[in-house]
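Heads up: the sequence lines are chains V and E, in that order.
Using our numbering, you'd call the opening residue of the first sequence number 3 and step up by one each time.
Using our numbering, you'd call the opening residue of the second sequence number 7 and step up by one each time.
Beta carbons are placed, not taken as given, at the ideal position from N, Cα and C, and that holds for glycine.
On a predicted model such as this, the values are computed, not experimentally measured, just so you know.
Take a look at the structure below.
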Amino acid sequence: DQQVKQNSPSLSVQEGRISILNCDYTNSMFDYFLWYKKYPAEGPTFLISISSIKDKNEDGRFTVFLNKSAKHLSLHIVPSQPGDSAVYFCAASGGGGSNYKLTFGKGTLLTVNP
Amino acid sequence: GAGVSQSPRYKVAKRGQDVALRCDPISGHVSLFWYQQALGQGPEFLTYFQNEAQLDKSGLPSDRFFAERPEGSVSTLKIQRTQQEDSAVYLCASSPSREDTQYFGPGTRLTVL
């Protein structure tokens with residue numbers, strides 16, 4: 003049973019527009035959420051994170067929104083650039099003493115067209 | 007500075023062979039993690055070390071999987087008697103402490119024929 007779900011396997015947007023990647027989770031013990039970006043043949047690279055005590059975190063073009071009641075988070079990229087084309091993984095941690103253990107979604111392939 | 011490195015980058019093994027995958031974490035990072043990423047899936051947690059101590063091995067899929075980090079730096083993931091279902095990318099990550107951001111290596115792609 004997947005505890006972190008990314009229901010869109012792929013997303014295509016035009017350069018300069020907004021990209022919105024979504025993620026849902028089922029485990030109410032999760033209290034820390036992260037987004038990783040992955041290029042082919044490379045490992046995941048940390049992008050941005052958010053703690054459950056916040057509902058928004060912003061870093062440059064990247065903003066993550068958290069809706070705890072809906073168990074939903076989203077990553078907004080504005081404006082999107084061709085170099086943003088990659089697989090984006092949503093990850094979560096928390097609960098008991100295993101807050102180091104990341105649970106990942108399956109990823110969403112973002113393609114930004116010039 | 008240097009990131010997490012893993013070797014080999016690619017490994018092909020015949021079913022039944024033993025393999026050893028190496029991870030060099032970022033210097034000074036106390037925590038080290040191994041994840042397995044099957045095709046089309048996200049990474050899945052295998053095991054966690056704090057220095058040389060293996061504090062969590064709950065994600066290891068079977069007793070054919072064994073990990074060590076004897077001096078608290080380099081780690082090796084060993085898979086004995088490989089099976090086709092072991093084919094995956096094995097990712098290593100390290101962090102300054104267990105609750106800090108995890109930095110991933112490029113992974114080792116294991117293919118078992």
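N-terminal and C-terminal residue of the beta strand (DSSP E) that residue i is part of
i                     : result
residue 49 of chain V : 47-53
residue 75 of chain V : 74-79
residue 14 of chain V : 12-16
residue 57 of chain E : From DSSP, residue 57 of chain E is part of no beta strand (DSSP E); its letter is neither H nor E.
residue 88 of chain E : Premise fails: residue 88 of chain E is in no beta strand (DSSP E) and is neither H nor E.
residue 22 of chain V : 21-27
residue 38 of chain V : 34-40
residue 9 of chain V  : No beta strand (DSSP E) contains residue 9 of chain V, which DSSP labels as neither H nor E.
Inter-residue spacing [alpha-carbon to alpha-carbon] between residue i and residue j
i                      : j                      : result
residue 116 of chain V : residue 11 of chain V  : 21 Å
residue 12 of chain E  : residue 18 of chain V  : 36 Å
residue 31 of chain V  : residue 96 of chain V  : 6 Å
residue 51 of chain E  : residue 64 of chain E  : 8 Å
residue 80 of chain V  : residue 38 of chain V  : 17 Å
residue 72 of chain E  : residue 66 of chain E  : 8 Å
residue 90 of chain V  : residue 46 of chain E  : 13 Å
residue 58 of chain E  : residue 20 of chain V  : 45 Å
residue 77 of chain E  : residue 102 of chain V : 21 Å
residue 55 of chain V  : residue 35 of chain V  : 11 Å
8 Å Cβ cutoff met for residue i and residue j
i                      : j                      : result
residue 6 of chain V   : residue 92 of chain V  : yes
residue 112 of chain E : residue 45 of chain V  : yes
residue 106 of chain V : residue 48 of chain E  : yes
residue 61 of chain V  : residue 50 of chain V  : yes
residue 108 of chain V : residue 8 of chain V   : yes
residue 22 of chain V  : residue 100 of chain V : no
Other residues of its chain near residue i: CB distance less than 7 Å, five sequence neighbours each side excluded
i                      : result
residue 124 of chain E : In the structure as shown, chain E begins at 7 and stops at 119. Residue 124 of chain E is therefore absent and cannot be evaluated.
residue 96 of chain E  : 27, 40, 42, 83, 113, 114 and 116
residue 62 of chain E  : 53 and 54
Spatial neighbours of residue i in its chain, beta-carbon cut-off 8 Å, leaving aside the 5 residues before and after
i                    : result
residue 9 of chain E : 32, 109 and 111
Beta-carbon proximity list for residue i, same chain, < 6 Å, skipping 5 on both sides
i                      : result
residue 154 of chain V : The first residue shown for chain V is 3 and the last is 116, placing residue 154 of chain V beyond what the model contains.
residue 29 of chain V  : 5
*Three CB pairs or more closer than 8 Å across the segment 30-49 of chain E and the segment 95-112 of chain E*: A contact exists between the segment 30-49 of chain E and the segment 95-112 of chain E.
_Across the segment 105-115 of chain V and the segment 71-86 of chain V, are there enough close Cβ pairs to call them in contact, namely three or more that are closer than 8 Å?_
Yes, since at least three Cβ pairs between the segment 105-115 of chain V and the segment 71-86 of chain V fall closer than 8 Å, the two stretches touch.
*Touching or not, the segment 69-87 of chain E and the segment 22-32 of chain E, by the rule of three or more beta carbon pairs under 8 Å?*
Touching, per the Cβ criterion.
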